[in-house]
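In numbering that gives the first Met the number 0, the protein residues as written are 0 to 197.
Beta carbons: idealized from backbone N, C-alpha and C, even for Gly.
Worksheet for the structure shown next.
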Amino acid sequence: MSNSILAGLDQAELLQLALKAGAGNEAGSAIAYLKEAVGRPDATAQAHYLLGAEYAQLGMYDRAAGEMEAAIALDQTLYTARLQLALLWLGASQAERAAGVLRPLEESGVPAELQHFGHGLLLLIADDLAGARTALAQGIELNHANPPLNDDMQRIIGELDSRIAAAGAAAPADSTGAEADGDGQHLLLSAYAGNFKH
């Protein structure tokens, strides 16, 4: 695909072509369409969000985070971008940045399922594993609009269940806070990686 062809496409066309390419596992084409879209003055939050998703699928987490941040800057109500960005920050051991991204999800006007997901991740950051599990499960129960997001949260719940069971079987004095934090970061990154669908 040439630059002249891309230049003749508008934002809506670029997004649709990117979605089709992504669905066909053509990451290179999807990224080309999306980079063209975000490079224009009329770039949309959705284009940045989808480009971030493509980068995340490729394991390019720094670029993914940058695009998710750009999406949120353009549209503060792109709540799923907040959740995904928080997972990226947690995977990079930046819990405070993740918490800052998640806190707006607790405000009124945010869909209830996303409030529960955000609250659950904040509880996880605070190392309240049981509380995090409960909040995430409530979010899944309420979320009928975004099944892939439920899949992400279900994976986190599975890891939480394992950690809760292990904590009950092991002596708490044997683990340091740093080790627990590292486990949490790995848990969140593995739940995120490769599971981002449009």
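Check your understanding: Can you tell which of Tyr48, Arg162, Asn142 and Leu8 has the C-alpha that lies nearest to the C-alpha of Arg132?
Key -> Along the sequence shown, read from residue 1 onward, the residue named residue 132 stands at position 133. Selected option, being the one with the closest Cα: Arg162.
Review point. Between which two residues does the alpha helix (DSSP H) containing Asp200 stretch?
Key: What the structure shows of the chain is the stretch from 0 to 197, and residue 200 is not part of that stretch, so it cannot be assessed.
Practice item. Let me know if Thr76 comes out buried or exposed under the rule of 16 or more other beta-carbons within 10 Å of its beta-carbon. Key: As a first step, residue 76 is located in the sequence shown; it is residue number 77 there, counting from the start. Exposed: under 16 other Cβ atoms inside 10 Å.
Exercise for review: Give the DSSP-derived three-state secondary structure of Ser3 in the structure shown.
Suggested key: Sequence index remark: in the sequence shown, residue 3 carries index 4 (1-based). Residue state, collapsed to three classes: helix.
Review point. Can you list, in chain order, the residues of its chain whose CB lies under 8 Å from that of Ala64, leaving out five sequence neighbours each side?
Key: Translated into positions along the sequence shown, residue 64 becomes position 65. Excluding positions up to five away in sequence, the list reads Gly51, Leu84, Leu87, Trp88 and Ala91.
Check your understanding: Is the distance from the Cβ of Glu53 to the Cβ of Ala26 below 7 Å?
Key -> One-based indexing of the sequence shown puts residue 53 at position 54. One-based indexing of the sequence shown puts residue 26 at position 27. In this structure, Ala26 lies closer than 7 Å to Glu53 by Cβ.
Point to revise | Cβ-based burial, His47 [other Cβ within 10 Å; buried from 16] | key: Within the sequence shown, the letter at position 48 stands for residue 47. Buried is the call here.
**Study point:** Close beta carbons around Leu122, own chain, < 7 Å, minus the five adjacent residues each side
**Key:** The residue you call residue 122 lines up with position 123 of the sequence shown. Taken in chain order, the residues that qualify are Gly130, Ala131 and Ala134.
Point to revise | C-alpha distance - Ala164 paired with Pro40, whole-angstrom precision | key: The residue you call residue 164 lines up with position 165 of the sequence shown. The residue you call residue 40 lines up with position 41 of the sequence shown. For Ala164 and Pro40, the distance between alpha carbons rounds to 51 Å.
Review point. So, Ala44 versus Ala29, is the Cβ gap smaller than 7 Å?
Key: In the sequence shown, the residue the question calls residue 44 occupies position 45. In the sequence shown, the residue the question calls residue 29 occupies position 30. Not a contact, by the Cβ cut-off of 7 Å.
**Study point:** Nearest-angstrom Cα separation, counted from Ala125 out to Gly157
**Key:** For the purposes of this step, residue 157 is taken as residue 158 along the sequence shown, with counting starting at 1. For the purposes of this step, residue 125 is taken as residue 126 along the sequence shown, with counting starting at 1. Going from the Cα of Gly157 to the Cα of Ala125 covers about 18 Å.
Review point. How would you call Ile4, buried or exposed, if buried means at least 16 neighbouring beta carbons within 10 angstroms?
Key: The count along the sequence shown starts at 1 and reaches residue 4 at position 5. Label assigned to Ile4: exposed.
**Study point:** Within 7 Å, strictly: CB atoms of Asn142 and Glu105
**Key:** Translated into the one-based positions of the sequence shown, residue 142 becomes position 143. Translated into the one-based positions of the sequence shown, residue 105 becomes position 106. The answer is no: Cβ separation not under 7 Å.
Review point. Below 7 Å between beta carbons: does that hold for Leu73 and Phe116?
Key: Within the sequence shown, the letter at position 74 stands for residue 73. Within the sequence shown, the letter at position 117 stands for residue 116. Not closer than 7 Å, so no.
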